[in-house]
Amino acid sequence: MLAAQRPYSGYPQRWPLPFPAEDFIRRDGEDAAWVADLDAEVVGHVSVCGVGTGMEADLWTAGTGRGAEELAAVSVLFVAHTARGRGVGSGLLATAVEAIRASGRTPVLDVVQETTAAVELYRRTGWEVVGEGRPWWLPADHLPVLFMALPDDRG
480 MLAAQRPYSG
490 YPQRWPLPFP
500 AEDFIRRDGE
510 DAAWVADLDA
520 EVVGHVSVCG
530 VGTGMEADLW
540 TAGTGRGAEE
550 LAAVSVLFVA
560 HTARGRGVGS
570 GLLATAVEAI
580 RASGRTPVLD
590 VVQETTAAVE
600 LYRRTGWEVV
610 GEGRPWWLPA
620 DHLPVLFMAL
630 PDDRG
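Using the numbering used here, you'd call the opening residue of the sequence shown number 480 and step up by one each time.
Okay, here's the thing in structure tokens:
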């Protein structure tokens, strides 16, 4: 499904991946993951993981004023092209946010600006930009990645 949806979403940015797709989907340090299904077919995925250390964590901690241990990232959110527009992405996002909030942490994520549908979903659901950066995997001709957080009074 990851490969099949990529021509429509542009996610992930690097393709083909320099490692197995399973290693992209299942991350080290992953706290939890969920899939969505419609008519017994898996049509979406999302995971939650700690923010670790590095440029991304530095941007999120500076932008939120919270320590890395107080944050959790929504990660690897994607939906099958055939299921887009059916609430799958927003449902998976809500599930991840609920789990992060239940753990006492603040939800954060990163998104490539060119993926306008994703950016619109996040802004529509209350996410705020807390920084911009250029991760190693971002092609040189792309705009910086947006680093976002969901304030406590939203989501």
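Even for Gly, the Cβ is constructed at its ideal location relative to N, Cα and C. Computed from a predicted structure; not experimentally measured.
Option nearest residue i by Cα separation, candidates the options
i      : options                        : result
Ala562 : Ala575, Trp606, Arg545, Leu517 : Leu517
Val567 : Val525, Val587, Ala551         : Val525
Glu509 : Val530, Val521, Tyr490, Pro497 : Val530
Glu607 : Val522, Pro630, Arg545, Gly544 : Pro630
Glu520 : His560, Gly605, Phe503, Glu593 : His560
Val553 : Leu538, Ala547, Leu571         : Leu571
Trp616 : Glu548, Pro491, Tyr601         : Pro491
Length of the line joining the Cα atoms of residue i and residue j
i      : j      : result
Ala581 : Ala628 : 16 Å
Gly544 : Ala619 : 29 Å
Thr594 : Ala483 : 16 Å
Val609 : Met480 : 31 Å
Val527 : Arg603 : 20 Å
Trp513 : Ser569 : 13 Å
Phe503 : Gly583 : 26 Å
Burial state of residue i, where buried means 16 or more other Cβ atoms lie within 10 Å
i      : result
Val558 : buried
Asp589 : buried
Glu599 : exposed
Phe626 : buried
Glu548 : exposed
Thr540 : buried
Tyr487 : exposed
Leu645 : Here the chain comprises residues numbered 480 to 634, so residue 645 is not present and cannot be evaluated.
For residue i, three-class secondary structure by DSSP
i      : result
Ser554 : strand
Ala698 : With the chain covering only 480 through 634, there is no way to say anything about residue 698.
Ser569 : helix
Met627 : strand
Asp507 : coil
Gly610 : strand
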